Each structure stands twice: as structure tokens, then as C-alpha cells.
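One structure is given below, encoded as C-alpha cells.
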Amino acid sequence: MDGLPVLSHSPAYVSSIGASSRVHADFGSGTWDGAPFGIPITKLPAGTPVSPVSFDYADESDRGPYRIPASALVEGGSGANGDRHVIAVDTATCRSYELWDARPVGGGAWHAGSGAVFDLTSNALRPDGWTSADAAGLPILPGLARYDEANRGVIDHALRITVPRTQASHQWPARHDAGSPGSSLPQMGQRLRLKASVNISGLPPQARAIAQALKTYGVIVADNGSAWYVSGTQDDRWSNEQLQSLGTLTGADFEAVDTSALRVSAGSGAAHRP
Numbered sequence: 005m006d007g008l009p010v011l012s013h014s015p016a017y018v019s020s021i022g023a024s025s026r027v028h029a030d031f032g033s034g035t036w037d038g039a040p041f042g043i044p045i046t047k048l049p050a051g052t053p054v055s056p057v058s059f060d061y062a063d064e065s066d067r068g069p070y071r072i073p074a075s076a077l078v079e080g081g082s083g084a085n086g087d088r089h090v091i092a093v094d095t096a097t098c099r100s101y102e103l104w105d106a107r108p109v110g111g112g113a114w115h116a117g118s119g120a121v122f123d124l125t126s127n128a129l130r131p132d133g134w135t136s137a138d139a140a141g142l143p144i145l146p147g148l149a150r151y152d153e154a155n156r157g158v159i160d161h162a163l164r165i166t167v168p169r170t171q172a173s174h175q176w177p178a179r180h181d182a183g184s185p186g187s188s189l190p191q192m193g194q195r196l197r198l199k200a201s202v203n204i205s206g207l208p209p210q211a212r213a214i215a216q217a218l219k220t221y222g223v224i225v226a227d228n229g230s231a232w233y234v235s236g237t238q239d240d241r242w243s244n245e246q247l248q249s250l251g252t253l254t255g256a257d258f259e260a261v262d263t264s265a266l267r268v269s270a271g272s273g274a275a276h277r278p
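In this text, residue positions in the sequence shown follow my numbering: the first is 5, and each later residue adds one.
What follows is the structure, given as C-alpha cells:
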């Protein structure tokens, strides 16, 4: 992202998201308001059986099969009323099973608003117009800040963010939108980056690793929500104090970039090197 041109619409997009709004790590350790926060990842043991899953938006959800145990972790905890994402990863087959608004319904079955199964070895995108467990129709797992990456000091991929409002359209590699008319609003799939001129040297290690990723790989607009909320894993090894220092960054420190030169083909997430 650090070598791509700035979009002419960049000032309007940043303003619509919130130029004075502060960056917020929407994840961490422990609890917030009595509930765990961040998106938990459930790693599947070998032999995890197939799980029946029904959907509110079945026409845009993968039929499966899904492998999500009844014990799978739910975003916000079992009693949560928010997005209730479930991410179950089979490392043996490189599959990520992702649900939105997921609720166990007994007998090992689940009901969800929508869901998708991603082959993590493939660049194939979902059918255009389809949602996933995310409004942009993208996988959630690859866009999460993860403790192990931040701890080693290098996060080598783009991060998922939410913004208050988006256009009623989407751009590559997003496949779905959930927005309103208005060219001053970013699209689902829009990439933004932390400006190269922003000094991040004073940030503590975990926050600095995230901020460097925001410069080098940027963020991708994946859902409607709070402004500049960066997504990451639920993990008790995070230092909330370090993550809170990301709040020294604001929307004015970002710029929207033109990613058209990266696209190899419309149906693939593969990218040219800029």
C-alpha cells in the first residue's frame, strides 16, 4: 500500500469516516463491560465432525459442509448481542469456517445470519453480490491483528476496519455492500493507509507493529460500525495499555489509495506487486 497513489476522493472519504476520530483497537485481553472483546479464533482438532448450519441469508451463504463444534467461541461471549462472529479454523485442511450472528441451537447445530467457508490456499473470491460473515463479502480471519504477529514485531497483511457509513457499492476485492447513496462515502473494499509522515516511533511495541502494518499494508473497509475500529483477535496476551496508545492516531493521519493497479482479475484476490 505504501507505494500506491492517493485517490482524489481521499479527503472526502476521511472526512465522512471522521478526521478527528481516534483509532481504536477493537480487541484486547480480559473483558470490556463484563464480556471478552475481539474476535476469537477456534482451532479445530482433527476429526471435528460436520455441523448442521441454517441461515437467515441462505441465498448468499455457502452451503458447507461446516465444521463448527458446539464449544466454538462466540465474539462477545455466549450471551452477546453484537455481531456474534464465529471463526473456526481447520489448520490441516486450511479451511476457515466463518459465521455472523451465530447461535448454537442444540444437537451440535448452529443458526446464523450468514456464513462462508474459505479455502485459505486459494485466491478465489465469492460470487459478486454475495455477503459472507462480513458485509464486504470477504474472509474475516486474514484481516485480524494477531498477538503472535505483533509480538514478533511484524504484521505483514492489511487489517480489517469498520466505518460509520459506506456507499451502496463495493470495489475489488469486496463482493458485497451495505450502504447508502453518496460519493463522499467510502465503498466496501476501500483501502486506506496511515500516512508515511506520521511518526510512530514513540508507540509501545504491540501498537507500533500494528501502526507499521497500517502504513505498509493499510486497512480495508469491511463493515459498517464505529469509526477507525481496527479488528483483532481475542487474546489474553494482548496489553490493553499498549493497544490504547493507538488512540494517538486520528482519521486525519490516513489517506485513501487507488488499488486498481493491484488487481489481476475481477474474480481473484491475487494482486500484482505495486
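Glycine residues also receive a C-beta, built at the ideal position from the N, C-alpha and C atoms.
All values derive from a computational prediction rather than experimental measurement.
Every beta strand (DSSP E) stretch that sits fully inside the segment 12–89 and reaches 3 residues is listed by chain position as 45–47, 57–59. Within the same chain, PRO44, THR46 come within 6 angstroms of LEU77 by CB-CB distance, once the 5 residues on both sides are set aside.
Taken atom to atom, the span from the alpha-carbon of ASP87 to that of ALA116 is near 10 angstroms. Segment contact: the segment 243–263 against the segment 205–212, three or more CB-CB distances shorter than 8 angstroms; contact assigned.
LEU145 is the residue among ALA128, GLY81, LEU145, ASN127 whose C-alpha sits nearest the C-alpha of ALA92.
Within the segment 143–194, the complete beta strand (DSSP E) segments at least 3 residues long are 163–167, listed from N- to C-terminus.
Looking at the DSSP output, ILE224 bridges to ARG164, ARG195. Under DSSP, LEU129 shares a beta bridge with no residue. In the structure shown, the three-state DSSP call for ASP6 is coil.
Excluding sequence positions up to five before and after PHE41, its CB lies within less than 8 angstroms of the CB of ASP30, PHE31, GLY32, THR35, GLY80, GLN238, all in the same chain and listed in chain order. The alpha-carbon of GLY183 is positioned some 9 angstroms away from that of ASP227. Where LEU103 is concerned, the enclosing beta strand (DSSP E) starts and stops at 99–104. Per DSSP, the unbroken alpha helix (DSSP H) holding LEU247 starts and ends at 244–248.
Taking LEU148 as reference, the option from TYR221, LEU189, SER126 with the minimal CA-CA separation is TYR221. Assignment of ASP240 by DSSP, reduced to helix, strand and coil, places it in the coil class. Spanning the alpha carbons of SER188 and ARG179 requires a straight line of approximately 20 angstroms. DSSP, reduced to helix, strand and coil, places THR263 outside both helices and strands of the structure shown, so it counts as coil. Within the DSSP secondary-structure output, PRO108 pairs in a beta bridge with TRP114.
By the Cβ test, the segment 109–125 is not in contact with the segment 156–164, since fewer than three Cβ pairs between them sit closer than 8 angstroms.
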